[in-house]
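Visitor: Protein chains in written order, with my numbering: chain A, 1 to 215; chain B, 1 to 215.
Beta carbons are placed, not taken as given, at the ideal position from N, Cα and C, and that holds for glycine.
Being a predicted model, the structure only gives us computed values, none of them experimental.
Sending over a structure as structure tokens; questions will come in a sec.
Number of protein chains: 2
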Amino acid sequence: MPRETKIPLPTLERLATCYRYLTDIESRNVETISSSAIETATGIHAAQFRKDLSYFGVFGRPGIGYDVDDLKRRIAGILKVENEQPVILVGAGNLGSALVGFFGLPQHNFHIVAVFDNNPRKIGQTLWDLQVQDVGRLSETNAQLGARIGIIAGPAVAAQNITDVLVDAGIRVILNFAPTTIRVPDGVGVRNVCFIQELAVLSYYLSKLPEPNVG
Amino acid sequence: MPRETKIPLPTLERLATCYRYLTDIESRNVETISSSAIETATGIHAAQFRKDLSYFGVFGRPGIGYDVDDLKRRIAGILKVENEQPVILVGAGNLGSALVGFFGLPQHNFHIVAVFDNNPRKIGQTLWDLQVQDVGRLSETNAQLGARIGIIAGPAVAAQNITDVLVDAGIRVILNFAPTTIRVPDGVGVRNVCFIQELAVLSYYLSKLPEPNVG
DNA sequence: CAGGGGTTGTGCATTATTTCACAGCCAGCG
DNA sequence: CGCTGGCTGTGAAATAATGCACAACCCCTG
Numbered sequence: 001m002p003r004e005t006k007i008p009l010p011t012l013e014r015l016a017t018c019y020r021y022l023t024d025i026e027s028r029n030v031e032t033i034s035s036s037a038i039e040t041a042t043g044i045h046a047a048q049f050r051k052d053l054s055y056f057g058v059f060g061r062p063g064i065g066y067d068v069d070d071l072k073r074r075i076a077g078i079l080k081v082e083n084e085q086p087v088i089l090v091g092a093g094n095l096g097s098a099l100v101g102f103f104g105l106p107q108h109n110f111h112i113v114a115v116f117d118n119n120p121r122k123i124g125q126t127l128w129d130l131q132v133q134d135v136g137r138l139s140e141t142n143a144q145l146g147a148r149i150g151i152i153a154g155p156a157v158a159a160q161n162i163t164d165v166l167v168d169a170g171i172r173v174i175l176n177f178a179p180t181t182i183r184v185p186d187g188v189g190v191r192n193v194c195f196i197q198e199l200a201v202l203s204y205y206l207s208k209l210p211e212p213n214v215g
Numbered sequence: 001m002p003r004e005t006k007i008p009l010p011t012l013e014r015l016a017t018c019y020r021y022l023t024d025i026e027s028r029n030v031e032t033i034s035s036s037a038i039e040t041a042t043g044i045h046a047a048q049f050r051k052d053l054s055y056f057g058v059f060g061r062p063g064i065g066y067d068v069d070d071l072k073r074r075i076a077g078i079l080k081v082e083n084e085q086p087v088i089l090v091g092a093g094n095l096g097s098a099l100v101g102f103f104g105l106p107q108h109n110f111h112i113v114a115v116f117d118n119n120p121r122k123i124g125q126t127l128w129d130l131q132v133q134d135v136g137r138l139s140e141t142n143a144q145l146g147a148r149i150g151i152i153a154g155p156a157v158a159a160q161n162i163t164d165v166l167v168d169a170g171i172r173v174i175l176n177f178a179p180t181t182i183r184v185p186d187g188v189g190v191r192n193v194c195f196i197q198e199l200a201v202l203s204y205y206l207s208k209l210p211e212p213n214v215g
């Protein structure tokens with residue numbers, strides 16, 4: 001069913017996971033891969049994976065599997081990660097610095113092109129190859145850069161302000177690392193990454209785990 | 001239904017989100033809160049939230065809402081975040097450094113008590129108040145520390161090795177920041193946080209968004 | 001003490017997602 | 001060319017999660 005109606009979010013997440021894996025094995029010169037091999041490598045259930053692909057049209061070859069190179073390109077096309085995309089970052093603290101370093105790696109197509117902060121002591125400092133700019137000039141700067149993707153790496157108290165500034169500057173999707181819920185107008189996408197929250201869920205798991213090595 | 005059978009994962013994630021919010025408003029001396037107020041603040045559907053709580057027993061009072069202090073304590077009890085818990089971190093790069101700083105904040109009960117790396121240039125360095133140790137001594141060190149929660153902040157190629165070492169040292173749940181899928185034995189919990197993957201999903205959203213300000 | 005406005009807890013209907021299971025296809029081999 | 005072993009694509013069944021709707025409840029006011 002090549003009609004791309006409404007794609008489940010878990011499907012997109014799995015495709016992203018799979019893309020990561022394909023990038024990995026591509027460098028090992030593997031030419032072809034089956035859905036069950038993907039299952040053992042990534043934990044994604046084979047039938048699930050095939051169905052995920054089926055939302056977007058035909059891919060693999062029965063009896064053979066998927067051509068690694070082709071599959072990777074196709075998923076890249078779906079997720080729109082084939083071409084380099086500019087990203088702007090707000091918050092030049094430790095996390096912000098780590099993110100700039102991380103996305104400085106060449107193996108993915110997201111590139112942080114500007115860093116902003118509101119702390120006068122940080123403005124003007126150099127983070128890797130970027131100079132931290134005043135968040136007050138974000139809109140102005142992005143009018144030239146034209147980034148649509150923004151990352152919030154500031155503290156929770158500042159997150160909503162930052163969000164408003166980003167949206168105002170034409171940012172359409174936001175990756176939010178601040179441990180708080182941000183409000184955005186319709187038509188702006190958000191994903192939250194909250195470290196404490198992740199640990200809290202793990203902490204629950206931990207409490208439910210049977211005690212090991214009793215004896 | 002106070003029987004705590006099998007809790008949906010989304011429920012735990014919502015409770016964690018809510019806990020974060022409660023911590024926030026508690027400091028503002030709000031005494032009571034309704035599920036619909038929680039909805040407007042966090043985006044969690046009110047009925048959904050009430051049902052989440054119902055998995056764990058009775059809480060609020062009809063006509064009034066929830067006592068903020070009590071609710072927070074109860075959720076803390078569910079997620080087991082009332083008491084401070086030791087966490088060990090592997091990977092003393094930029095991200096690792098940011099994480100140590102982040103969890104150094106006193107407002108949550110996770111505390112990084114040791115940092116490990118395999119890079120000789122990093123071993124012995126000081127990260128905030130901790131000295132980076134050789135990952136080869138992880139098991140030995142944790143025999144004394146007794147941490148059950150581990151964080152992987154190393155590169156993808158090292159992730160599986162790190163995982164094995166952690167599990168061997170008695171770590172039962174792992175927060176994995178390395179952009180790869182790690183394999184763990186039964187009874188060990190994992191949550192993955194992958195920046196590229198988050199951006200990839202946002203990139204898909206972005207491509208589906210209608211173009212704004214046409215005119 | 002009766003009535004009203006507001007809020008909870010929850011069974012049930014609805015929607016979303018996963019898993020199964022199998023027909024159909026592919027390459028290789030004799 | 002016909003058979004075999006392996007793998008895909010997908011409808012249908014099963015499972016999971018969400019959202020609705022309403023009885024029961026609480027405080028306040030008069």
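For Val-81 of chain A, return the contacting residues in chain B, with the cut-off set at a CB-CB distance below 7 Å.
Guide: Ala-200 and Ser-203
Visitor: What would DSSP say about Met-1 of chain A, mapped onto helix, strand or coil?
Guide: At Met-1 of chain A, the pLDDT of 46 sits below 50, so the modelled position is not reliable; the number obtained from the coordinates is stated separately. Met-1 of chain A falls in the coil class under three-state DSSP.
Visitor: Inspect the beta-carbon positions of Ile-149 of chain A and Val-87 of chain A and report whether they are closer than 7 Å.
Guide: yes
Visitor: Identify the residues that DSSP records as bridge partners of Val-87 of chain B: which are they?
Guide: B:Ile-112 and B:Ile-149
Visitor: Does the separation of the CB atoms of Thr-11 of chain B and Asp-52 of chain B fall below 7 Å?
Guide: yes
Visitor: For Gln-85 of chain B, return the contacting residues in chain A, with the cut-off set at a CB-CB distance below 7 Å.
Guide: Ser-203
Visitor: Rounded to whole angstroms, what is the Cα-Cα separation between Val-184 of chain B and Gln-197 of chain A?
Guide: Each residue's Cα considered, the two are about 21 Å apart.
Visitor: With distances taken from CA atoms, which of A:Ile-162, A:Ala-46 and A:Thr-141 is nearest Val-113 of chain A?
Guide: A:Thr-141
Visitor: Can you tell me whether Arg-20 of chain B is helix, strand or coil according to DSSP?
Guide: In this structure, Arg-20 of chain B counts as helix in the three-state DSSP scheme.
Visitor: Starting from the Cα of Val-68 of chain B, find the closest Cα among B:Lys-80, B:Ala-47, B:Ala-37 and B:Phe-56 and give me that residue.
Guide: B:Ala-37
Visitor: Does any CB atom of chain A fall closer than 7 Å to the CB of Ser-207 of chain B?
Guide: yes
Visitor: If you count every other CB in all the chains shown that lies within 10 Å of the CB of Val-167 of chain B, and 16 or more means buried, which is it?
Guide: buried
Visitor: Starting from Asp-134 of chain B, trace the beta strand (DSSP E) both ways and give me its first and last residue.
Guide: 130-134
Visitor: Could one say the Cβ of Gly-43 of chain B lies closer than 7 Å to chain A's Cβ atoms, at least one of them?
Guide: Gly-43 of chain B counts as touching chain A.
Visitor: Would you call the segment 99-115 of chain B and the segment 39-50 of chain B touching, i.e. three or more CB-CB distances under 8 Å?
Guide: Because the criterion of three Cβ pairs below 8 Å is not met, the segment 99-115 of chain B and the segment 39-50 of chain B do not touch.
Visitor: Please check if any C-beta of chain A sits within less than 7 Å of the C-beta of Arg-14 of chain B.
Guide: no
Visitor: Based on Cα-Cα distance, which residue from A:Phe-116, A:Ser-203 and A:Tyr-205 lies nearest to Thr-163 of chain A?
Guide: A:Phe-116
Visitor: DSSP three-state call for Arg-14 of chain A: helix, strand or coil?
Guide: helix
Visitor: Which of the three DSSP states, helix, strand or coil, is assigned to Ile-33 of chain A?
Guide: Ile-33 of chain A carries a strand assignment under DSSP once its states are collapsed to helix, strand and coil.
Visitor: Step through the CB atoms of chain B and report whether any lies within less than 7 Å of the CB of Ile-152 of chain A.
Guide: no
Visitor: By Cβ distance below 6 Å, which residues in the same chain neighbour Val-193 of chain B in space, the five residues on each side in sequence not counted?
Guide: Phe-177
Visitor: Consult DSSP for Tyr-66 of chain B and reduce its assignment to one of helix, strand or coil.
Guide: strand
Visitor: Nearest-angstrom Cα distance between Gly-77 of chain A and Ile-171 of chain A?
Guide: 21 Å
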